[in-house]
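A.B. asks: Below is a structure I'd like to ask you about.
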Amino acid sequence: MSKNSDTPTPAAPGIPLAGVIGWPVAHSRSPRLHGHWLRRYGIAGHYIPMPVRPEHLAEALRTLPRLGFVGINVTIPHKEAVLALADHVTDRAALIGAANTLILRPDGKIHADNTDGYGFIANLRQHAPDWRPEIGPAALIGAGGAARAVVASLLDAGVRELRIANRTRLRAEQIRTEFGARITVYDWAQAGNMLEGAATVVNATSMGMDGKPALRLPLDALSPDALVTDLVYTPLDTPFLVAARAQGCRTVDGLGMLLHQAAPGFERWFGTRPQVDDDLRRAVLA
Ligand code: NAP
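Here the sequence shown stands for residues 86 to 371, numbered as in our numbering.
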C-alpha cells in the first residue's frame, strides 16, 4: 500500500492498529485525522473506520485486541454502552457517563476514557489564549452527552458559575444533581436571560448543524466581551457564531475540539504526542 493512501491493509505482526467504531461510521472524520498524523510522523500503523451494530458491540470489543488493535475511538451510538464493557473507566468518563477513547491493553483489558472535555478546553486555549474561565459565568445551551463533557471540563477549568438551558429541562436538572452547586438551570424559554454577564457562551446542542434548524437565542443580553463557541463544526461558521460576531463577540468554531480530543488517544496508542495545527485542519477539511 502507498504510504499516502487511507485504504487499510492487513497489519503485519507488530504493526499497531487503531480505529473508530460507530453505527453508522462513514461520516467520521477520525480516519482522515489519525491518517494525517500517522503519515506526518512516519508511524507504521493503521487507523480504520469500523461500522459496528449495537448488538455486535461486545463481540467486537472482545475480538479487536486479538487482531492487533491497540486503541479505539467510540462514536454514536456506542459512547455510553462501552462503559459497561470496559475493565477500567476513568473518573471523568464515569462522571460524564460516556467514553470516546479506548486503550486495548496487551492482556485484552479495556481502559475507557473521555477526552471530549479536554478537546473543548484545548481548542479555546489555542484560539483564544487570553480566555480566563474564572472571570465570569459560563452559559451552556444543551444537556446531551457532549454538554456533559463540557460541564466537567469547565468546572475543572475553574468556572465559578455555570448556567444551563436545555429544551428538555430534566436533563439539565440531572446535570445539576450530578455536578453540584455551581450549576444553575434556566428554563428553555428564558435561555436568552442566562447570557447576561456571561464571559463564556457555548452551544452544545446539535442545532445549527447542516440540515438542522439554527439556534436562535435573543442576544440582547450578550456582552461583546464574551467568548462564544459552538460544538457544531458542519458548517464551521454556524448561524449562532455569525450572530454572536455581529454582537461584537469573539468566536471559536468546533472543529478544533474534534482535533484536540483525538491527540491523547493517538499518543497512548502510537507513542507520539501529535500537533494540532493548520496542516491538520486543512487535511481534515479537505
Ligand atoms: P445528544 O446527546 O444527542 O444531545 C443533543 C442536544 O441537542 C440535546 O441538548 C438536545 O436537547 C439538543 N437538541 C437537539 N435538537 C434540538 C432542537 N430542535 N431544539 C432544541 N434542542 C435540540 O448529542 P451530543 O453528542 O451531545 O452532540 C451535540 C452536538 O455536539 C452535535 O452536533 C455533535 O456533532 C457535536 N459534537 C461536537 C464535538 C466536537 O468535537 N466538536 C464533540 C461531540 C459532539 P434535548 O435534550 O431536549 O433533546
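Beta carbons are placed, not taken as given, at the ideal position from N, Cα and C, and that holds for glycine.
Small disclaimer: the values here were computed from a predicted structure and weren't measured.
1. Less than 8 Å between C-beta atoms, sequence neighbours within five positions excluded: which residues of the same chain meet that for V361?
2. Rounded to whole angstroms, what is the Cα-Cα separation between Y318 and P298?
3. Measuring from the CB of N288, is there a heavy atom of the ligand NAP at a distance below 6 Å?
4. Please find out if some non-hydrogen atom of the ligand NAP comes closer than 6 Å to the beta-carbon of R252.
5. Taking the straight line between their C-alpha atoms, what separation do you get for T290 and I106?
6. Less than 6 Å between the CB of V317 and some heavy atom of the ligand NAP, yes or no?
7. By the DSSP assignment, the alpha helix (DSSP H) with V236 in it spans what residues?
8. Pick out whichever of V235, M135 and G296 has its Cα sitting closest to the Cα of V287.
9. Taking L365 and L118 to be in contact with their CB atoms under 8 Å, please state how far apart those CB atoms are, rounded to whole angstroms.
10. Under 6 Å from any heavy atom of the ligand NAP, does the C-beta of M135 make it?
11. By how many angstroms is the C-alpha of H141 removed from the C-alpha of L255?
12. Taking DSSP's pairing of strands, which residues face T269 in a bridge?
C.D. replies: Working from what's here:
1. A207, Q211, G341, L344, H345 and A348
2. 14 Å
3. no
4. yes
5. 22 Å
6. yes
7. In the DSSP assignment, V236 falls within the unbroken alpha helix (DSSP H) covering G230 to A242.
8. V235
9. That belief holds up - the Cβ atoms of L365 and L118 are roughly 7 Å apart, short of 8 Å.
10. no
11. 31 Å
12. R248
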